[in-house]
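For the sequence shown, numbering that gives the first Met the number 0 begins at 0 and goes up steadily by one.
Backbone N, C-alpha and C define an ideal beta-carbon position, used for all residues, glycine too.
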Amino acid sequence: MGKAHRLGRIQGHLGRGRLSLPRHSIDRAAPIGVFDSGIGGLSVLQALRAALPGEDLVYVADSAHTPYGERSDAFIAERTSAIARHLRDAHGAKLLVIACNTASAAAAHVVRQDNPGWPVVAIEPALKPAAHHTRTGHVGVLATRSTLASRKFAALRAAVTSAHQDVRFSEVACDGLAASIERCAQGGDGSASRDLLARYLGQLGELGAAAHAIDTLVLGCTHYPLIREQIQPQLPLGVYIVDSGLPVARHARRLLHSTGLLRPEPLGDEALSPASLRLLATGSVHTLHAAAQRWLRPMAAPLPDVETLAL
Ligand code: DGL
Numbered sequence: 000m001g002k003a004h005r006l007g008r009i010q011g012h013l014g015r016g017r018l019s020l021p022r023h024s025i026d027r028a029a030p031i032g033v034f035d036s037g038i039g040g041l042s043v044l045q046a047l048r049a050a051l052p053g054e055d056l057v058y059v060a061d062s063a064h065t066p067y068g069e070r071s072d073a074f075i076a077e078r079t080s081a082i083a084r085h086l087r088d089a090h091g092a093k094l095l096v097i098a099c100n101t102a103s104a105a106a107a108h109v110v111r112q113d114n115p116g117w118p119v120v121a122i123e124p125a126l127k128p129a130a131h132h133t134r135t136g137h138v139g140v141l142a143t144r145s146t147l148a149s150r151k152f153a154a155l156r157a158a159v160t161s162a163h164q165d166v167r168f169s170e171v172a173c174d175g176l177a178a179s180i181e182r183c184a185q186g187g188d189g190s191a192s193r194d195l196l197a198r199y200l201g202q203l204g205e206l207g208a209a210a211h212a213i214d215t216l217v218l219g220c221t222h223y224p225l226i227r228e229q230i231q232p233q234l235p236l237g238v239y240i241v242d243s244g245l246p247v248a249r250h251a252r253r254l255l256h257s258t259g260l261l262r263p264e265p266l267g268d269e270a271l272s273p274a275s276l277r278l279l280a281t282g283s284v285h286t287l288h289a290a291a292q293r294w295l296r297p298m299a300a301p302l303p304d305v306e307t308l309a310l
């Protein structure tokens with residue numbers, strides 16, 4: 000397909016002619032840019048690798064500024080915009096995945112406004128799947144303070160409760176939990192995050208299968224699925240955990256497909272050489288490397304060195 004034709008299709012799909020073309024040219028062979036305040040987005044990266052095995056990926060951890068969850072919207076928007084610009088200009092990313100609920104709530108609209116025509120996938124706490132799943136009608140949500148205080152979250156909650164009037168949500172802002180998961184990746188014994196979890200789960204209310212108990216738990220921060228094996232034993236049997244990794248990966252796939260930007264899946268010999276992965280960190284390269292080794296290893300061998308990003 001010719002370039003002009005391809006870009007015409009992208010414009011048509013994204014904005015039915017209303018949006019202008021991106022300032023950089025979008026190339027189907029270009030990587031997908033993925034970003035989080037730190038290591039949390041690896042839980043999304045893993046889902047992206049599974050759903051899009053033919054796609055090259057560039058992951059940025061803004062570890063010099065993690066966590067975002069207790070920062071101001073202006074700060075988060077400034078960091079998100081700078082990283083989006085870097086992924087667009089230095090890597091020519093064909094799609095941006097904001098693998099951070101906090102940054103998505105505070106800044107996805109800013110990135111979209113600044114980059115008309117550039118496909119951007121934002122993440123949100125999985126309230127919709129949770130509402131479908133719950134039997135008791137009571138869903139718990141763990142997320143950062145900033146996500147829970149956002150207008151985006153309020154609108155999502157209102158939309159889901161109006162579609163599922165028998166469902167109610169209880170939320171707890173988990174101050175310090177993402178930061179303790181970052182520390183855990185550096186080799187901690189996990190006791191700090193276990194203690195914090197116990198406190199926050201206790202604040203949610205009764206969990207379990209009893210009539211009014213919370214039977215479905217939403218992990219509304221991409222860091223939390225990384226410690227699923229700590230969360231699960233703290234829950235009574237029958238409490239179902241949902242996160243947003245898989246839905247986001249599926250959404251990214253659909254978006255690439257509908258814009259003509261999806262790379263064909265590797266076949267034959269090509270399937271033996273996996274798509275490339277670059278890992279960048281604005282802060283500790285060791286933390287991201289250790290986290291990737293722990294959480295991505297089975298899917299991405301050999302792991303690349305983590306590059307320092309001065310931004
Ligand atoms: N992983 C992020 C999220 O999904 C941010 C955690 C933080 O930086 O506080 O919200």
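A check of alpha carbon separations from Arg198 across Ser145, Leu141 and Ser243 identifies Leu141 as the nearest. The segment 36-118 is shown to contain whole alpha helix (DSSP H) runs of 4 or more residues at 41-50, 72-88 and 100-113, in chain order.
Under DSSP, Ala142 shares a beta bridge with Ala172. Comparing alpha-carbon positions, the option among Gly282, Ala81 and Leu94 lying closest to Ala29 turns out to be Leu94. In the structure shown, Thr286 falls within a helical segment according to DSSP collapsed to helix, strand and coil.
Distance between Pro224 and Pro232, taken at the CA atoms: about 14 Å. Between Val241 and Ala125 the beta-carbon gap is near 4 Å, inside 8 Å, which marks them as a contact.
The ligand DGL has no heavy atom closer than 6 Å to the beta-carbon of Ala104.
In the structure shown, Thr258 adopts coil according to DSSP, grouped into three states. Around the beta carbon of His222, a 10 Å sphere encloses 16 or more other beta carbons of the protein chains shown; the residue is thus reported as buried.
CA-CA distance, Arg277 to His211, rounds to 46 Å. A buried status is given to Gln45, since no fewer than 16 other beta-carbon atoms sit within 10 Å of its beta-carbon. By the Cβ-count criterion, His85 is buried, with 16 or more other Cβ atoms from all chains shown falling within 10 Å of its own Cβ.
With 16 or more other CB atoms across the displayed protein chains lying within 10 angstroms of its CB, Gly37 is buried. For Ala130, the uninterrupted alpha helix (DSSP H) segment begins and ends at Leu126 to His132. The alpha carbon of Gly175 has as its nearest neighbour, out of Gly186, Gln185, Asp194 and Asp188, the alpha carbon of Asp194. At least one heavy atom of the ligand DGL sits closer than 6 Å to the Cβ of His222.
When beta bridges are read from the DSSP output, Thr160 appears opposite no residue. Phe74 and Val109 have their alpha carbons spaced roughly 12 Å apart. Contact between the segment 176-196 and the segment 239-256 is absent, with fewer than three C-beta pairs closer than 8 Å.
With fewer than three CB-CB distances shorter than 8 Å, the segment 199-208 does not count as touching the segment 145-162. The distance from the Cβ of Phe152 to that of Thr146 is about 6 Å, consistent with a contact at the 8 Å cut-off.
Shown here, Arg253 sits in a helix according to DSSP, grouped into three states.
Residue side-chain check: Asp72 keeps its Cβ at 6 Å or more from all non-hydrogen atoms of the ligand DGL.
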